[in-house]
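Worksheet: one structure, shown below.
2 protein chains.
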Amino acid sequence: MLEKRTPIQIGEAVNRVMKFKKNGSTEWVSINESFGRFLSDDLRATSDVPHFDRAPYDGFAIRSIDTSEASQSNSIMFEVVDHIGAGMLSDKELGPNQTVRIMTGAQMPVGADAVVMLELAKETSQDGKKYMSVKKVHKKGENVSYRGEDAKEGEVLVSKGAFINPGIQAMLATFGYDKVPVAKKPIVGLYATGTELLEVHEPLVPGKIRNSNSYMISAQIQRVGADVRYFGQLPDDFDTCFEAVASAIDEVDIFITTGGVSVGDFDYLPQIYEKLGAEVLFNKVAMRPGSVTTVAHLDGKLLFGLSGNPSACYVGFELFARPILRTMLSIDSPHLRKEKAVLNADFPKANPFTRFVRSSLTIEDGRLVVTPSGLDKSNIIMSLAGANSLMILPGGTRGFEHGVEVDVLLLEDQTGNQWPW
Amino acid sequence: MLEKRTPIQIGEAVNRVMKFKKNGSTEWVSINESFGRFLSDDLRATSDVPHFDRAPYDGFAIRSIDTSEASQSNSIMFEVVDHIGAGMLSDKELGPNQTVRIMTGAQMPVGADAVVMLELAKETSQDGKKYMSVKKVHKKGENVSYRGEDAKEGEVLVSKGAFINPGIQAMLATFGYDKVPVAKKPIVGLYATGTELLEVHEPLVPGKIRNSNSYMISAQIQRVGADVRYFGQLPDDFDTCFEAVASAIDEVDIFITTGGVSVGDFDYLPQIYEKLGAEVLFNKVAMRPGSVTTVAHLDGKLLFGLSGNPSACYVGFELFARPILRTMLSIDSPHLRKEKAVLNADFPKANPFTRFVRSSLTIEDGRLVVTPSGLDKSNIIMSLAGANSLMILPGGTRGFEHGVEVDVLLLEDQTGNQWPW
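Here is the structure:
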């Protein structure tokens, strides 16, 4: 007996899911553990940078006024009264024709308002005293980095939701963030269903296959930036599945099952959602693969029933679960990044449904080029290994030819997209 | 007193470093911890996939010969003798006009050689027996996935050095790799030198700045895929630095210091290398920033003396330390990936040196476009936060205009490049 399901459009499905999006929370982690996390608050300058006037080069700090008569034929001589490295302070205040030898990054001595670069300075010594002479007029401020030149205290330098990369790590350190406010990783519960599933360590037996979806989805969850709580495998038995799902939901932020959502005779997820009292947002989407993706909502939590078919499962996660998780991670472009690329294959056969084809995106002479990463049979996991993108082939009455421009979704990317694409 | 250094070309510097590249070693980790690591061995199929003949769709397994007379006007009737889901086996051997109701993924019953899809089957029942009838001739093998169709036992499916993504996780699970051979993370020792440096938690004081390079480099090391052993900060004092460096080298695979490599009066790294008996491969490179990068070699270990200037430090790491670490991670394209992009800014001023400009690489209508991510002052860390690439502006006698094509190096990328670029 085939249950009748009405497919909805992809955009409508995304909208129904995103109605239940929510913000995540903050946790403070050591700066040593913050790389690769997402800022849950704007990063503000806690001080001016630089926070004192400093020398950007090695040289001699001077009073610029003393060089006003300098020229090729009129060398001005200064007495070197001190010598400081970065991090040191001179206790000398410069008088007329006095200078302090100064290293890159050191604070300007009191009275100094310019730096003579080493290349332009001639050093001499006489009677145990050191001298420097220069033949060029220096303006006030020449070769000085002034306080606040790079950043002003209070300024927002990086926005909330940013992926913490090495540059942001440097900024966090500069501004004294030894603890960093990052988005707490949402916890994703995961069950695999299917009597045909063996554990990874089990030997193959006729009719059964090893559970690969759980490992694939776990990696997808981690790639998004969330944490996995894997509860294990469930047989195709209604009561067992119901009890397991019901008790696991409380421990997680969102819940994913793989398998059990088709209209096959052993697919119990729909009845489980019903018995739980969950509101089913949709159970069929006009797309390939992933058409049987089911999403339900229960007491503020989303339950994702992904197909047991690996590629349908993969696509269903990226389109529907990803933006929910990325939103919880403070990211305001939570959807897969969409770009245009040149199609590097022929798809002569028309298909009434929008297809998401696992693809390899490369760059040739500065242009994106997209090639399907394997036969697009829905039971082949091989093509997922080489996939860094999903090519979108809109449904319709015609095929697609080598060389046309198509949309692609980037899988290994922190940039993301807002909705609608 | 300025020490005279002779700059060498970038390519020559890379070659001198890469002469000392070495392979890393393997460690076996649980499949649950393998996401994001690098395979240290080829991934081979440990069995055929599928490893039995199976139904790719829900339907009825039949003997194709029984449909040879089927047509729109001649419906062929089968008795349904069994009903199996995925993971179940039928103990029935099909006789003439017998069929087994079969679910996606289930093993074909003995005697069956085709599957009638559900949509083409008409189900009836009579006297407590179930029947199915079909009006279409089915060929031998129709709707059957044969053993080994997707992969053959022994076949290499993914090469050594691959970044383990969700698709590869699925393959590892499929082939029973509950332990996965991954490249052991090289350990990178790290010291920051500079009397001007404060710890991140310390309040600012005149003349001093917080150490940001260590956090930046730590993140760069992690982004490459290696582990950091951070030893702390050192003052600009020869004996302290020498003792610290000498005793730390033994604990790590490569060693990085930041600062202390200029020709400033408090830059001790050159003398430290000398006292250690290390062979200096170069101490000046014809590039900006990063010209004072120094690399030395001691008893099979590379010592990287990176500039204390944040952007020079950043670039020096990516050009010289990265390929050494990526090689240890089994990756055969260990250098930064180089692509072409359209320049989205003017650089009117010629510069005799090849410049690496921190940039933001975007995609516009399928084309790479590169924009400098900030003023390219070498003491500004701000521009590093927005940088996902380094634009290469070759040294010469002319500037660069908006719209020309330039080379860019991708920083957030697992693909990499071989040498020479």
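Residue numbers (my numbering), protein chains in the order written: chain G, 20 to 440; chain F, 20 to 440. For every residue, glycine included, the Cβ atom is placed at its ideal position computed from N, Cα and C. What you are looking at is a predicted structure, and each value in this text was computed from that prediction instead of being measured.
- Among the residues facing chain G, Gly226/F is included, as its CB has a counterpart in that chain under 7 Å away.
- When the beta-carbon positions are compared, Ala80/G and Met127/G come within less than 7 Å of each other.
- Pairing Ala189/F with Ser231/G gives a Cβ-Cβ distance under 7 Å.
- The residues Arg356, in chain order, have a CB closer than 7 Å to that of Asp432/F in the same chain once the five nearest residues on each side in sequence are set aside.
- Ranking Leu191/F, Leu412/F, Met347/F, Leu409/F by CA distance to the CA of Ser49/F puts Leu191/F first.
- Counting only residues of its own chain and dropping the five nearest sequence neighbours on each side, Ile228/G has a CB closer than 8 Å to the CB of Glu215, Leu216, Leu217.
- Under the three-state reduction of DSSP, Val224/F is assigned to coil, being neither helix nor strand.
- In this chain, Ile343/F is not harboured by any beta strand (DSSP E); it is covered by the alpha helix (DSSP H) spanning 341-347.
- Contact annotation: Asp365/F and Glu298/F have beta-carbon atoms that are not nearer than 7 Å.
- Scanning chain F for C-beta atoms nearer than 7 Å to the C-beta of Val177/G yields Ala404, reported in chain order.
- Look at the beta carbons and you see the stretch 100-115 of chain F not touching the stretch 41-61 of chain F: under three pairs across the two are nearer than 8 Å.
- By the criterion of at least three beta-carbon pairs nearer than 8 Å, the stretch 311-324 of chain F is not in contact with the stretch 240-254 of chain F.
- Only those residues of the stretch 360-391 of chain F whose C-beta falls short of 7 Å from the nearest C-beta of chain G are listed: Ala360, Val361, Ile382, Asp384, Gly385, Arg386, Leu387.
- Only Asp77, Gly104, Ala105, Gly106, Met107, Leu108 from the stretch 77-110 of chain G bring a Cβ to less than 7 Å from some Cβ of chain F.
- Asp269/G sits away from Pro205/G, with the two beta carbons spaced by 7 Å or more.
- Positions of the alpha helix (DSSP H) runs, each at least 4 residues long and wholly inside the stretch 367-440 of chain F, are given as 401-404 in order along the chain.
- One thing to note: Gly106/F has its Cβ within 7 Å of the Cβ of Gly226/G.
- In the structure shown, Lys303/G falls within a coil segment according to DSSP collapsed to helix, strand and coil.
- From the beta-carbon of Leu216/F, the residues of chain G found nearer than 8 Å are Gly106.
- Taking 8 Å as the upper bound for CB-CB distance, Leu409/F and Arg377/F are in contact here, some 6 Å apart.
- Asn302/F and Thr313/F have their C-alpha atoms spaced approximately 4 Å apart.
- C-alpha of Lys359/F to C-alpha of Ala140/G: approximately 42 Å in a straight line.
- Secondary structure note for Tyr249/F: its beta strand (DSSP E) is the uninterrupted segment 246-253.
- In the displayed model, Asp101/G falls within a strand according to three-state DSSP.
- With fewer than 16 other beta carbons inside 10 angstroms of its own, Gly160/G counts as exposed.
- Here His354/G is not near Asn407/G, since their CB atoms are 7 Å or more apart.
- For Gly186/G, at least one C-beta of chain F is nearer than 7 Å to its own C-beta.
- Between Ala331/G and Pro308/G a beta carbon distance of about 4 Å is seen, short of the 8 Å cut, so the two are scored as contacting.
- Spatial neighbours of Lys179/G in its own chain (CB-CB distance under 6 Å, excluding positions within 5 residues in sequence) are listed in chain order as Leu58, Asp60, Asp61, Ser349.
- A check of alpha carbon separations from Glu221/F across Asn162/G, Tyr210/G, Lys198/G, Ala238/G identifies Lys198/G as the nearest.
- DSSP, read as helix, strand or coil, puts Gln28/F in coil.
- For the stretch 111-128 of chain F, residues whose beta-carbon sits nearer than 7 Å to a beta-carbon of chain G comprise Met122, Thr123, Gly124, Ala125, Gln126.
- At least one beta carbon of chain F lies nearer than 7 Å to the beta carbon of Gln239/G.
- The contact set of Tyr210/G on chain F, defined by CB atoms closer than 8 Å, is empty, because the minimum CB distance reaches about 15 Å.
- Interface annotation, Phe54/F: in contact with chain G, CB-CB separation under 7 Å.
- Comparing alpha-carbon positions, the option among Met401/G, Asn34/G, Gly30/G, Arg56/G lying closest to Ala202/G turns out to be Arg56/G.
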